[in-house]
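Chains as they are written, first to last, in this note's numbering: chain Z, 1 to 231; chain W, 1001 to 1231.
Number of protein chains: 2
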Amino acid sequence: MSKEAVWDRPEPPSKPSPTPLSRELIVGAAIRLADEGGLDEVSFRKVAAALNAGPMRLYGYVETKDELLDLMVDEVYGEITPPGKSADWREGLRHVAHGIRDAAKRHEWFIDLLSNRPHQGPHALTHMETTLAAVRFANIDQVLDVVGAVMAYVFGAVRGEITELRAERSSGMTEEQWQRASGPYMQRMLATGRFPTLARVMHESSDRDSAARFETGLDYVLDGVAARHSL
Amino acid sequence: MSKEAVWDRPEPPSKPSPTPLSRELIVGAAIRLADEGGLDEVSFRKVAAALNAGPMRLYGYVETKDELLDLMVDEVYGEITPPGKSADWREGLRHVAHGIRDAAKRHEWFIDLLSNRPHQGPHALTHMETTLAAVRFANIDQVLDVVGAVMAYVFGAVRGEITELRAERSSGMTEEQWQRASGPYMQRMLATGRFPTLARVMHESSDRDSAARFETGLDYVLDGVAARHSL
DNA sequence: TTACCTCCCAATACGCTGTATTGCTCAATA
DNA sequence: TATTGAGCAATACAGCGTATTGGGAGGTAA
């Protein structure tokens, strides 16, 4: 007795055309996810899903999640254009500073991945190389000090900007004044009278834009370098 | 028919004497765990276990894990002694800088919690208040710029130090030289000849201790402030 | 052509996370 | 004494990184 045909038999799982994968594709997808939804969106499961793959397939290309994050960081370093061959160390360091700041604004998660592990990817190394090369002092120890200090300032300042930006976004968007943004709690604290200077700052300071503040701080550092080494 | 006695009946769960709890106890336990094993050791389950309690009991005192982390951060701010009433703004800012650096060395996780959210706990606010008050410039905008720049440098520099320290610890302990520490990979990269300045730095720079480098950078910033505002 | 082997991928599984929900037990009140 | 309320423990759920397992396709040997 021949069985009747089953016309509407569902396709067997049907291989949703297993996309060929690569490290670049994976890192790219992870960066896209992180740009859109923050680092929380970067999980092996989600990255894989974005590439029509099962989570475990990624392990063929990337050993651990930490490695994926390292690759993402290095990719960002790759986006930063190196300083030109100008003889002016100030100009060179300014270029580097803005390069990092701009990259961090494009990829807000970048700054969160700084504390994990020193950056030794190829792009990070070339970035370091060109930065060091931009400061042509005779004394190599001085070069290290100067570059180290500028980088420290830049990372710290950018971290602050991003943090502030996130706070504004999460606490109701577009509050132009910080004290309004942090709402009743801050008002109450200031009302205690225990923070007179803080209160004065809140009320009397003109809220200058963040780019200008970044620039001012950078000027302090560069001026300090010039003063110390009398350049 | 009377049942035989069961002499070795296990005690019913027996209430392991439910320790009284408090926010301070919880935050204290969390800090201790983080100091010993890093932020990964701070989970509601582990903190609760350290206090002989079930995980869910903590929710009576702390709303979310983020709140717990905020409390930990504020506790650290509380440990930092404020600058004295000296009239010297340089001295004041130096004191603040070292206070933060020392605290971060005691609690390495502190620096990891900086990017999450602006610090507005009571101790953080007093810290900010005393810091601002230490810089008695007439122009309040200048005060903000200066304090902002110094804090940015300090946080960035400390982040770098901690990161380096962790890398040394994880890659085989006590390698005095960075290039040796990062092992064959770094050697290969330098051997490519693509990083001449980096190579020169690695080989020729004297490895000065991190405290001195921190100090030098801080001097740059303070000198720059003095130069810009001609003090 | 048929049998087998190998490699790649998917599925499953484990232990961990933060936290919502449920249920129990004891103390104080009506 | 009966009832209610509070506080805590236990359970449950969805997500995580990743180790392990299993199956199906492709190439090779008989």
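Quick reminder that beta carbons are idealized off the backbone N, C-alpha and C, glycines included. This structure is a prediction, so every number in the text was calculated from the model and none was measured.
Can you look up residue i in the DSSP assignment and give me helix, strand or coil?
i: Ile80 (chain Z); result: coil
i: Phe1195 (chain W); result: coil
i: Glu41 (chain Z); result: helix
i: Val1201 (chain W); result: helix
i: His119 (chain Z); result: coil
i: His1229 (chain W); result: coil
i: Leu1222 (chain W); result: helix
i: Thr131 (chain Z); result: helix
i: Arg1208 (chain W); result: coil
i: Leu1051 (chain W); result: coil
i: Glu1024 (chain W); result: helix
i: Gly36 (chain Z); result: The question names Gly, yet the displayed sequence has Glu at residue 36 (chain Z). Glu36 (chain Z) falls in the helix class under three-state DSSP.
i: Val73 (chain Z); result: helix
i: Leu1058 (chain W); result: helix
i: Asp102 (chain Z); result: helix
i: Thr1019 (chain W); result: coil
i: Ala138 (chain Z); result: coil
i: Thr64 (chain Z); result: coil
i: Ser1086 (chain W); result: coil
i: Ser1171 (chain W); result: coil
i: His95 (chain Z); result: helix
i: Leu1114 (chain W); result: coil
i: Glu1215 (chain W); result: helix
Thinking C-alpha only, which one of the options is nearest residue i?
i: Arg942 (chain W); options: W:Arg1188, W:Thr1192, W:Val1158 and W:Thr1163; result: The structure shown does not extend to residue 942 (chain W), since chain W is modelled only from 1001 to 1231, so the question has no answer here.
i: Glu168 (chain Z); options: W:Asp1102, W:Asn1116 and W:Lys1046; result: W:Asn1116
i: Ser1170 (chain W); options: Z:Arg90, Z:Pro118 and Z:Glu91; result: Z:Pro118
i: Val82 (chain Z); options: Z:Leu132, Z:His203 and Z:Gln187; result: According to the sequence shown, residue 82 (chain Z) is Pro rather than Val. Of the candidates Z:Leu132, Z:His203 and Z:Gln187, the one whose C-alpha sits nearest the C-alpha of Pro82 (chain Z) is Z:Leu132.
i: Tyr1061 (chain W); options: W:Ser1230, W:Ile1026, W:Asp1209 and W:Glu1036; result: W:Ile1026
i: Arg1090 (chain W); options: W:Leu1071, W:Arg1136 and W:Glu1129; result: W:Arg1136
i: Arg166 (chain Z); options: Z:Leu198, Z:Met151 and Z:Ala104; result: Z:Ala104
i: Ser1022 (chain W); options: W:Glu1036, W:Leu1071, W:Ser1043 and W:Gly1193; result: W:Leu1071
i: Arg1106 (chain W); options: W:Ala1227, W:Gly1037, W:Phe1044 and W:Glu1129; result: W:Gly1037
i: Asp145 (chain Z); options: W:Ala1199, W:Thr1216, W:Leu1198 and W:Arg1045; result: W:Thr1216
i: Leu198 (chain Z); options: W:Ser1210, W:Arg1200, W:His1203 and W:Ala1134; result: W:Ala1134
i: Glu1164 (chain W); options: W:Ala1030, W:Ser1210, W:Gln1187 and W:Glu1129; result: W:Ser1210
i: Thr192 (chain Z); options: W:Glu1129, W:Gly1084 and W:Asp1102; result: W:Glu1129
i: Leu231 (chain Z); options: Z:Lys46, Z:Asp102 and Z:Asp88; result: Z:Asp88
Less than 8 Å between the CB atoms is what I'm expecting for residue i and residue j, so what's the real figure, rounded?
i: Tyr1077 (chain W); j: Gly1121 (chain W); result: 7 Å
i: Ile1162 (chain W); j: His1127 (chain W); result: Not confirmed; about 19 Å, so no contact.
i: Tyr1153 (chain W); j: Tyr153 (chain Z); result: 5 Å
i: Val1221 (chain W); j: Val1147 (chain W); result: Not a contact, Cβ separation roughly 11 Å.
i: Ala1030 (chain W); j: Ala227 (chain Z); result: Contact doesn't hold; Cβ gap of about 44 Å is too wide.
Short of 6 Å in beta carbon distance, which residues of its chain neighbour residue i, apart from the five on each side in sequence? Order them along the chain.
i: Gly224 (chain Z); result: none
i: Asp309 (chain Z); result: This structure cannot settle anything about residue 309 (chain Z), because the visible part of chain Z is limited to 1 through 231.
i: Trp1109 (chain W); result: Ala1034 and Leu1039
i: Glu24 (chain Z); result: none
i: Leu218 (chain Z); result: Ala97
i: Thr1174 (chain W); result: Residue placement at Thr1174 (chain W) cannot be trusted, given a pLDDT of 48 that sits under 50; what the coordinates show is reported in the next sentence. Nothing listed; no residue qualifies.
Can you list, in chain order, the residues of its chain with a C-beta nearer than 8 Å to that of residue i? Leave out the 5 residues immediately preceding and following it.
i: Glu1041 (chain W); result: Leu1033 and Ala1034
i: Phe1155 (chain W); result: Ile1100, Ile1111 and Leu1114
Take residue i and list the residues in its own chain whose beta-carbon comes closer than 7 Å to its own, dropping the five residues that flank it on each side.
i: Ala1048 (chain W); result: Gly1054, Pro1055, Arg1057 and Leu1058
i: Phe195 (chain Z); result: Met189
i: Thr19 (chain Z); result: Leu51, Asn52 and Ala53
i: Ser86 (chain Z); result: Gly92
i: His229 (chain Z); result: Gln142
i: Lys1046 (chain W); result: Leu1033
i: Gln187 (chain Z); result: none
Using 8 Å as the cut-off, classify the Cβ of residue i as near or not near the heavy atoms of the ligand HEM, replying yes or no.
i: Gly224 (chain Z); result: Among the components modelled here there is no ligand, and therefore nothing to report on the ligand HEM.
Would you be able to state if there are at least three C-beta pairs under 8 Å between the segment 1080-1095 of chain W and the segment 1048-1064 of chain W?
-> Under the three-pair Cβ rule at 8 Å, the segment 1048-1064 of chain W does not count as touching the segment 1080-1095 of chain W.
Hey, is the segment 131-145 of chain Z in contact with the segment 62-75 of chain Z, meaning 3+ C-beta pairs nearer than 8 Å?
-> Verdict: no, contact absent.
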